[in-house]
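Let me begin by presenting the structure, written as structure tokens, before commenting on it.
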Amino acid sequence: MSFRTYSSTLESPEVENFLKSSGWVSGSHHNLLISECEDLEFKGWQIVRTPSLCGDRTITIPNFSSKYLVSILSLIEESLSQEQWLFMSESEKELFNSFFKSKLSSFGDFPLNDFLNFLSSWGDIFEMNEREKLKNFLFEYFDINIHINSTEDLLEDKKFLNYQSIIRTHSKESGLYFCFSSGEEIDDECKLLLGLLIIYQDQKREKEALEKYTKSDWEIILNSLNFSSCLISSKGELVIHNTLFSALGLYASDCLKLENGETVERIDKFYKVLKTPLRIKGREYISYIFITDKSSIREGGLSITSEELGIISGSIAHELNNPIAGILAALTLLKLEDDIGEESEHLISDMERGARRCHKLIEVFLGFSKLDPTHAHIDTLESSVDQSLQLLRSRMVESNLKMVFDYKQRTPFSRSLNNSISSMIFYLILSEAFTLGHHQKLLSGEFDQIKIEVLEEVNEIKLRFIPEMKVYDVISKSKLLLHLISLLELEILGEESVILIKNLKKS
Numbered sequence: 442m443s444f445r446t447y448s449s450t451l452e453s454p455e456v457e458n459f460l461k462s463s464g465w466v467s468g469s470h471h472n473l474l475i476s477e478c479e480d481l482e483f484k485g486w487q488i489v490r491t492p493s494l495c496g497d498r499t500i501t502i503p504n505f506s507s508k509y510l511v512s513i514l515s516l517i518e519e520s521l522s523q524e525q526w527l528f529m530s531e532s533e534k535e536l537f538n539s540f541f542k543s544k545l546s547s548f549g550d551f552p553l554n555d556f557l558n559f560l561s562s563w564g565d566i567f568e569m570n571e572r573e574k575l576k577n578f579l580f581e582y583f584d585i586n587i588h589i590n591s592t593e594d595l596l597e598d599k600k601f602l603n604y605q606s607i608i609r610t611h612s613k614e615s616g617l618y619f620c621f622s623s624g625e626e627i628d629d630e631c632k633l634l635l636g637l638l639i640i641y642q643d644q645k646r647e648k649e650a651l652e653k654y655t656k657s658d659w660e661i662i663l664n665s666l667n668f669s670s671c672l673i674s675s676k677g678e679l680v681i682h683n684t685l686f687s688a689l690g691l692y693a694s695d696c697l698k699l700e701n702g703e704t705v706e707r708i709d710k711f712y713k714v715l716k717t718p719l720r721i722k723g724r725e726y727i728s729y730i731f732i733t734d735k736s737s738i739r740e741g742g743l744s745i746t747s748e749e750l751g752i753i754s755g756s757i758a759h760e761l762n763n764p765i766a767g768i769l770a771a772l773t774l775l776k777l778e779d780d781i782g783e784e785s786e787h788l789i790s791d792m793e794r795g796a797r798r799c800h801k802l803i804e805v806f807l808g809f810s811k812l813d814p815t816h817a818h819i820d821t822l823e824s825s826v827d828q829s830l831q832l833l834r835s836r837m838v839e840s841n842l843k844m845v846f847d848y849k850q851r852t853p854f855s856r857s858l859n860n861s862i863s864s865m866i867f868y869l870i871l872s873e874a875f876t877l878g879h880h881q882k883l884l885s886g887e888f889d890q891i892k893i894e895v896l897e898e899v900n901e902i903k904l905r906f907i908p909e910m911k912v913y914d915v916i917s918k919s920k921l922l923l924h925l926i927s928l929l930e931l932e933i934l935g936e937e938s939v940i941l942i943k944n945l946k947k948s
């Protein structure tokens, strides 16, 4: 799927030949317009020579030589590829929801027995040989040519541009996707097949998760919740509950009379009832969760999910991306001018570094809008620390206070982490340390540097701040930091100037 499509009103064979040699194709549905003057009706990117209103996506250049076009086209390509990935991500959600919003059917020649036989021997789709088994089955029985890629595979070298649409392999955004090339139609029969495969993989995962736990394990898990909760059989037997439920003084028979969404008053508090029927190993159960008004509704009666937060932050970052790309393009053009002085050149370079820091921060926030915030990137932990320091550069310059780090890797960390989230974690920690250091600098004019010794080991990352400062006391109260730590299945410990980030996920 090519996004390098353009239209030109110039009568210039040189420009046409240059664009074609750069991989751009002329077409009626184009993303780039090249002309003498800006077209106010066109919503895509424009490269013009005559200055005018210049919208967010319009770049003015002195002439249409390759000297200017090379760098400008590179910036536009990067912006368009990010837009295409965001569009594919949003389209995936709509496509997935369509599987379960309408009744899907197939023709009478649907090979049901063959399909059931395949499911009986099919394992976990995360295993490569099971993916190949599925691909061969779909091609042999349904003539469906499908590819299966992880998020990392799709983002590497912008591989997602080879596909027209994607759909997750698990309902809870697993980071693994069915991918369809251009021209591959997803008809009702295909939707039915994929829907059944997704349901099968979901149930397989839930079954494996349930079988890992004993009753005592579930009691520990339930007692760690901040809500009163219980599980009751269809015969009215209290199967399992936590201590908060015991404090309500409710019997199983009382719970069976309650409806989902009903409000009950217990111990001078009002609780909203969340009632969910469950079927486990062929038996019927009902789960009850009792949520206080205070815990379920925020001020103003609004609530927000992690997914919605990711969409919001991603949308904001996406809107900021175009102006930053335009600023970088303008600075690139200025640097190409022959008559600028040395002082102006230094000033432009400073502005360019500032714009690139903004672009880095935008990329961090775009990371929260990916389909699965817990999926891992190929970047190292050291690059995450370095990126977080880059985001603090402007504060360092303003305060005349340096922050340097000495990174040592004794053994690689046992698993890869989402680079956007890990960068934000380190940024929040270093930002608090910088604030403490700045306060210390105000008291002592000789204080001009904070050193961070970072030690990476197989199951932990240790940060030591020099000179000593009570960093842990401050960051342990940050709800955002603790949420991000929990999201990556990590644990943060420490004592004053030593911070320890430990892995909780078993490999």
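Taking my numbering, I'd label the letters of the sequence shown as residues 442 to 948. All C-beta atoms in this analysis are idealised placements derived from N, C-alpha and C, irrespective of residue type, glycine included.
Could you check what DSSP says for residue i in three-state terms: helix, strand or coil?
i, result
"Gly-935", "strand"
"Ser-824", "helix"
"Ile-862", "helix"
"Trp-486", "strand"
"His-682", "strand"
"Asn-701", "coil"
"Cys-799", "helix"
"Ser-532", "helix"
"Leu-945", "coil"
"Phe-601", "helix"
"Ser-669", "strand"
"Ile-907", "strand"
"Ile-940", "strand"
"Pro-853", "coil"
"Glu-568", "coil"
"Glu-573", "helix"
"Gly-690", "coil"
"Val-456", "helix"
"Leu-842", "coil"
"Leu-553", "helix"
"Leu-645", "Correcting the residue identity first, residue 645 is Lys in this sequence and not Leu. Correct three-state label for Lys-645: helix."
"Ile-916", "helix"
"Phe-580", "helix"
"Phe-559", "helix"
"Pro-504", "For clarity, residue 504 is Asn in the given sequence; the question names Pro instead. Coil, per DSSP."
"Ser-493", "coil"
"Glu-625", "coil"
"Ser-612", "coil"
"Glu-930", "coil"
"Gly-636", "helix"
"Glu-778", "coil"
"Leu-481", "coil"
"Leu-830", "helix"
Would you mind stating whether residue i and residue j have Cβ atoms separated by less than 8 angstroms?
i, j, result
"Val-456", "Phe-528", "no"
"Leu-536", "Ile-608", "yes"
"Tyr-726", "Cys-671", "no"
"Glu-894", "Glu-937", "no"
"Phe-459", "Ser-507", "yes"
"Ile-933", "Glu-901", "no"
"Asp-643", "Ser-623", "no"
"Phe-559", "Gly-636", "no"
"Tyr-582", "Asp-565", "no"
"Arg-794", "Leu-832", "no"
"Gln-525", "Leu-602", "yes"
"Leu-945", "Leu-869", "no"
"Leu-699", "Gly-677", "no"
"Ile-732", "Lys-710", "no"
"Asn-590", "Glu-625", "no"
"Leu-774", "Tyr-447", "no"
Which residues does DSSP pair with residue i in a beta bridge?
i, result
"Ser-726", "The sequence given here has Tyr at residue 726, not Ser. Note: Tyr-726 sits in a beta bridge opposite Ser-674, Leu-719."
"Cys-620", "His-588, Ile-607"
"Arg-707", "Lys-710"
"Asp-847", "Glu-894"
"Val-466", "Thr-446"
"Ile-475", "Ser-449, Ile-488"
"Thr-499", "Gln-487"
"Phe-731", "Ser-669, Val-714"
Legend entry - 3 or more residues per run - each beta strand (DSSP E) lying fully within the region 874-905: 890-897
Inset, instruction - Spell out a yes or no on whether the region 453-473 and the region 507-514 are touching, meaning 3 or more CB-CB pairs, one atom from each, closer than 8 angstroms. - result: yes
Legend entry - Three or more C-beta pairs below 8 angstroms linking the region 834-842 and the region 899-913: no
Inset, instruction - Count the C-beta pairs between the region 683-697 and the region 661-675 that are closer than 8 angstroms, then say yes if the count reaches three, no if not. - result: yes
Inset, instruction - Please determine if the region 825-833 and the region 786-793 are in contact, where contact requires at least 3 C-beta pairs separated by less than 8 angstroms. - result: no
Inset, instruction - Please confirm if the region 842-851 is in contact with the region 909-922, defined as three or more CB-CB distances below 8 angstroms between the two stretches. - result: no
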